[in-house]
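>
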Amino acid sequence: MNRVYIKTYGCQMNERDSEAVASMLRGRGYSIVDSEVDADVVLLNTCSVRDQAEQKAIGKAGRLQRDKRRNKLQLLGVMGCMAQNRGRDLLASLPDLDLVVGTQKFHQVPDHLDNLLASLKGLGPRPSTIIDLEAEAGSQNTIRGHGAERKVTAFVSIMQGCNMKCAYCIVPKTRGEERARPMEDIVEEVRELAANGTKEITLLGQIVNHYGKREFPTVGGKSPFVQLLEKVHAVDGIERIRFTSPHPVGFRQDLVEAYRDLPKLCEYIHFPMQSGSDRILRAMRRPYSREKFLRIVEALRQANPAMYFSTDVIVGFPGETDEDFAQTVTLFDEVKFDMAFIFKYSVRSGTEAEEMGDTIAKEIKEARNQVLLERLEQWSTARNEALIGTVQEVLVEGPARKGEGMFMGKNRGNRKVLFPGNARQVGELVPVRIDRATTTVLLGESV
Ligand code: 5AD
Ligand code: SF4
210 MNRVYIKTYG
220 CQMNERDSEA
230 VASMLRGRGY
240 SIVDSEVDAD
250 VVLLNTCSVR
260 DQAEQKAIGK
270 AGRLQRDKRR
280 NKLQLLGVMG
290 CMAQNRGRDL
300 LASLPDLDLV
310 VGTQKFHQVP
320 DHLDNLLASL
330 KGLGPRPSTI
340 IDLEAEAGSQ
350 NTIRGHGAER
360 KVTAFVSIMQ
370 GCNMKCAYCI
380 VPKTRGEERA
390 RPMEDIVEEV
400 RELAANGTKE
410 ITLLGQIVNH
420 YGKREFPTVG
430 GKSPFVQLLE
440 KVHAVDGIER
450 IRFTSPHPVG
460 FRQDLVEAYR
470 DLPKLCEYIH
480 FPMQSGSDRI
490 LRAMRRPYSR
500 EKFLRIVEAL
510 RQANPAMYFS
520 TDVIVGFPGE
530 TDEDFAQTVT
540 LFDEVKFDMA
550 FIFKYSVRSG
560 TEAEEMGDTI
570 AKEIKEARNQ
580 VLLERLEQWS
590 TARNEALIGT
600 VQEVLVEGPA
610 RKGEGMFMGK
620 NRGNRKVLFP
630 GNARQVGELV
640 PVRIDRATTT
650 VLLGESV
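Count the sequence shown with our numbering and you get residues 210 to 656, in order.
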């Protein structure tokens, strides 16, 4: 009765929350399994950022509810953003749910499962399905994301919530007010990870460069986030640092210089632009201009010419004209992104943009999406092909999915690299000469 499968939708923050729940459950004697077929308990960690993500999880929960009715499953729970945002509706439409846990109460999942399982055995009262959804700031910051198993790369949460008011975005509602985790806690977690063999960490927050703005002072012109980067950089054993996501607002010179001065900070940045039209940026309540965005990109390229850029773009925001979209395309072309996530606008109820309606036809959103995808493919392929003949430093993560003696790792630019290797190389930085490239993968031999 104690095999748990956790399925995660959405962003890296969710992946990290799922990892944290998994590690707490392991600590209680549960075993975490890789498939719902082998599980007694299924927990869905959900995402609300777009309708599609919600529909996927709702569909899944419906199918699992049927499994439960056929006794193939003991317990079914929904966690995370959708639970936070519309937990009560969920329970109304999926009455067999056993557990609804918002974004502030992940730490209560183990107790709750213990109680639920005890009640199934007749050893106690059945606990309420919904764990208090009223956000209680900061409570979740105390849980650590990791257990005893070694991970070559790990996510570390540095803050929760978001104080921006992007008109389209549900996150401030699902994740609450911005609040920082204490710097020393974060550094301690990184030290423990390093002691356990972790080589690469990704610092996670909705807007990492706003980290600790209210809690900690600027010292010597360095923001709390840059101070944190320096402290993490000083941890022995950590070879690579990444973070996601920064915001153009409050992206200052100290952070640009970190890319010049901190060798462990990988020259790859996920830098959401959302739109290239100043008019649309204003309507989105993204308080920066395309010029400002470009200036930061240029400053970063100056700090490190090898910089890789990734971004998020929304197409079809209400009122986006052909002219607005053309502006997005030119900004996209100017930066030549190596990677991008392109989203078709999706109305979220309770956001400011909800009132603007959904004015752009589906076909137009699709066409705009295609235009950007084609360009992305072009830039990404070009960047990969330019690496043929070079030797890339690859942090080896494990055997490649296809197997056959192939191993998978990433270069500093977050590009996937495949090469014939061996298990001893896992967790090592291995030089690989690249001899083939596709849009998404580099292939080569270790040298
Ligand atoms: N519709 C489409 N995309 C959205 N995003 C956030 N909210 C919406 C929405 N309502 C995108 C943004 C953000 C990414 C995580 O998801 O681009 O950066
Ligand atoms: Fe949402 Fe904007 Fe905050 Fe990002 S910065 S989480 S898009 S409100």
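Think of the CB as a built atom: it goes at the ideal place given N, C-alpha and C, for glycine as much as any other residue.
Computed from a prediction, not measured in an experiment: that's the story for all the values here.
Can you tell me whether Y497 is helix, strand or coil according to DSSP?
For the purposes of this step, residue 497 is taken as residue 288 along the sequence shown, with counting starting at 1. Looking at Y497 - three-state DSSP - the assignment turns out to be coil, as it is neither helix nor strand.
> By how many angstroms is the C-alpha of R225 removed from the C-alpha of S240?
Locating residue 240 in the sequence shown gives position 31, where the first residue counts as 1. Locating residue 225 in the sequence shown gives position 16, where the first residue counts as 1. Taking the straight line joining both Cα atoms gives about 18 Å.
> Could you pull out every residue in the same chain whose Cβ sits closer than 6 Å to the Cβ of R335, ignoring the five residues on either side in sequence?
The residue given as residue 335 occupies position 126 in the sequence shown. S328, listed in sequence order.
> Given a cut-off of 7 Å, decide if P481 and T453 are closer than it, judged by their beta-carbon atoms.
Stepping through the sequence shown from its first residue, residue 453 is reached at position 244. Stepping through the sequence shown from its first residue, residue 481 is reached at position 272. It is not a contact, given that the beta carbons lie outside the stated cut-off.
> First and last residue of the beta strand (DSSP E) that includes G618?
Position 409 of the sequence shown, counted from the start, is the residue given in the question as residue 618. Element bounds for G618: 615-619.
> So what's P640 in DSSP terms, helix, strand or just coil?
Counted from its first residue, the sequence shown places residue 640 at position 431. DSSP places P640 in strand when its eight states are reduced to three.
> Could you tell me whether the Cβ atoms of F364 and V230 are closer together than 7 Å?
Locating residue 364 in the sequence shown gives position 155, counting from the first residue. Locating residue 230 in the sequence shown gives position 21, counting from the first residue. Cβ atoms of F364 and V230: not closer than 7 Å.
> Under 7 Å, do D247 and R212 count as touching if we go by C-beta distance?
Within the sequence shown, the letter at position 38 stands for residue 247. Within the sequence shown, the letter at position 3 stands for residue 212. The answer is yes: Cβ separation under 7 Å.
> Can you tell me whether DSSP reads S302 as helix, strand or coil?
On the sequence shown, residue 302 is found 93 positions in, with the first residue counted as 1. Helix at S302.
> Smallest Cα separation from R278: which of Q293, L306, V258, M288?
Against the sequence shown, residue 278 aligns to sequence position 69. Ranking the options by Cα distance to R278, first place goes to L306.
> In whole angstroms, what separates the C-alpha of Q274 from that of V250?
The count along the sequence shown starts at 1 and reaches residue 274 at position 65. The count along the sequence shown starts at 1 and reaches residue 250 at position 41. So the two alpha carbons sit approximately 12 Å from each other.
> Does P426 pass the burial test, meaning 16 or more other C-beta atoms within 10 Å, or should it be called exposed?
Numbered from 1 along the sequence shown, position 217 holds the residue referred to as residue 426. So P426 ends up on the exposed side.
> To the nearest angstrom, report how far apart F527 and T568 are at their CA atoms.
Locating residue 527 in the sequence shown gives position 318, where the first residue counts as 1. Locating residue 568 in the sequence shown gives position 359, where the first residue counts as 1. Correcting the residue identity first, residue 527 is Pro in this sequence and not Phe. When rounded, the distance between both Cα atoms is 5 Å.
> For a test of the three-state rule: what should DSSP assign to N418, helix, strand or coil?
Here the question's residue 418 lines up with position 209 in the sequence shown. Three-state result, N418: helix.
> Inspect the CB distances between the region 619-635 and the region 573-586 and report whether three or more fall short of 8 Å.
No: fewer than three Cβ pairs fall under 8 Å.
> Would the C-beta of D521 count as close to ligand 1, meaning under 6 Å from any of its heavy atoms?
In the sequence shown, the residue the question calls residue 521 occupies position 312. Correct: D521 has its Cβ closer than 6 Å to ligand 1.
> Examine the Cβ distances between the region 549-562 and the region 251-271 and report whether three or more of them are shorter than 8 Å.
The region 549-562, when compared against the region 251-271, does touch it at the 8 Å Cβ threshold.
> In whole angstroms, what separates the C-alpha of I410 from that of F616?
As a working mapping, residue 410 is identified with position 201 in the sequence shown. As a working mapping, residue 616 is identified with position 407 in the sequence shown. Their Cα atoms are separated by approximately 20 Å.
> G653 to L604, Cα distance in whole Å?
Start at 1 with the first residue of the sequence shown, and residue 653 comes out as number 444. Start at 1 with the first residue of the sequence shown, and residue 604 comes out as number 395. Taking the straight line from one Cα to the other gives about 14 Å.
> Please confirm whether any heavy atom of ligand 3 lies closer than 6 Å to the CB of S555.
Of the ligands this structure carries, namely ligand 1 and ligand 2, none is ligand 3.
> Nearer than 6 Å: is that true of the beta carbon of C378 relative to any heavy atom of ligand 1?
Position 169 of the sequence shown, counting from 1, holds the residue named residue 378. Yes, since a heavy atom of ligand 1 falls inside the 6 Å radius drawn around the Cβ of C378.
> What span of residues does the beta strand (DSSP E) with I478 cover, start to end?
Taking the first residue of the sequence shown as 1, we reach residue 478 at position 269. Counting along the chain, the beta strand (DSSP E) containing I478 begins and ends at 477-479.
> For G459, report the span of its alpha helix (DSSP H) as first-last.
Within the sequence shown, numbered from 1, the residue matching residue 459 stands at position 250. That residue, G459, is in no alpha helix (DSSP H); it is neither H nor E in DSSP.
> Report the three-state DSSP secondary structure of D521 (helix, strand or coil).
As a working note, residue 521 is residue 312 in the sequence shown. Of the three classes helix, strand and coil, the one that applies to D521 here is strand, per DSSP.
> Under the three-state reduction of DSSP, which class applies to A646: helix, strand or coil?
Against the sequence shown, residue 646 aligns to sequence position 437. Looking at A646 - three-state DSSP - the assignment turns out to be strand.
> Are Y517 and D547 touching if we call contact CB-CB under 7 Å?
Here residue 517 is taken as the residue at index 308 of the sequence shown, counted from 1. Here residue 547 is taken as the residue at index 338 of the sequence shown, counted from 1. Yes, Cβ-Cβ distance for Y517 and D547 is below 7 Å.
> Label P433 either buried or exposed according to how many other C-beta atoms from any shown protein chain fall within 10 Å of its C-beta, with 16 as the threshold for buried.
Against the sequence shown, residue 433 aligns to sequence position 224. Classification for P433: buried.
> Under a Cβ-count criterion, where at least 16 other Cβ atoms within 10 Å of its own Cβ denotes burial, should A535 be classed as buried or exposed?
As a first step, residue 535 must be located in the sequence shown, where it is residue number 326. Answer is exposed; the Cβ neighbour count stays below 16.
> Could you check whether V309 and A292 sit closer than 7 Å to each other, using their CB atoms as the reference points?
Residue 292 sits at position 83 when you count from the first residue of the sequence shown. Residue 309 sits at position 100 when you count from the first residue of the sequence shown. Yes; because the gap between Cβ atoms is below 7 Å, this pair is in contact.
> Using the beta-carbon count (16 or more within 10 Å), is N223 buried or exposed?
For the purposes of this step, residue 223 is identified with residue 14 of the sequence shown, where counting begins at 1. Buried, because 16 or more other Cβ atoms sit within 10 Å of the Cβ of N223.
> Look at V255 and Y214 and say whether their C-beta atoms are less than 7 Å apart.
In the sequence shown, residue 255 corresponds to position 46, counting from 1. In the sequence shown, residue 214 corresponds to position 5, counting from 1. The sequence given here places Thr at residue 255; Val does not occur at that position. It is not a contact, given that the beta carbons lie outside the stated cut-off.
> Report buried or exposed for E448, applying the criterion of at least 16 other Cβ atoms within 10 angstroms of its Cβ.
Residue 448 sits at position 239 when you count from the first residue of the sequence shown. Burial call: buried.
> Identify the continuous beta strand (DSSP E) that holds T217 and give its terminal residues.
Walking along the sequence shown from the start, residue 217 turns up at place 8. Element bounds for T217: 212-217.
> I need the straight-line Cα distance from N593 to G311, nearest angstrom please.
Counting from one through the sequence shown, the residue named residue 593 turns up at place 384. Counting from one through the sequence shown, the residue named residue 311 turns up at place 102. Distance between the alpha carbons of N593 and G311 is about 41 Å.
> Helix, strand or coil, according to DSSP, for E575 in the structure here?
In the sequence shown, counting from the first residue as 1, residue 575 sits at position 366. Residue state, collapsed to three classes: helix.
> Buried or exposed for A570, please, with buried defined as at least 16 other CB atoms from any protein chain shown within 10 angstroms of its CB.
If you number the sequence shown from 1, residue 570 lands on position 361. Counting Cβ neighbours within 10 Å, A570 comes out exposed, since fewer than 16 surround it.
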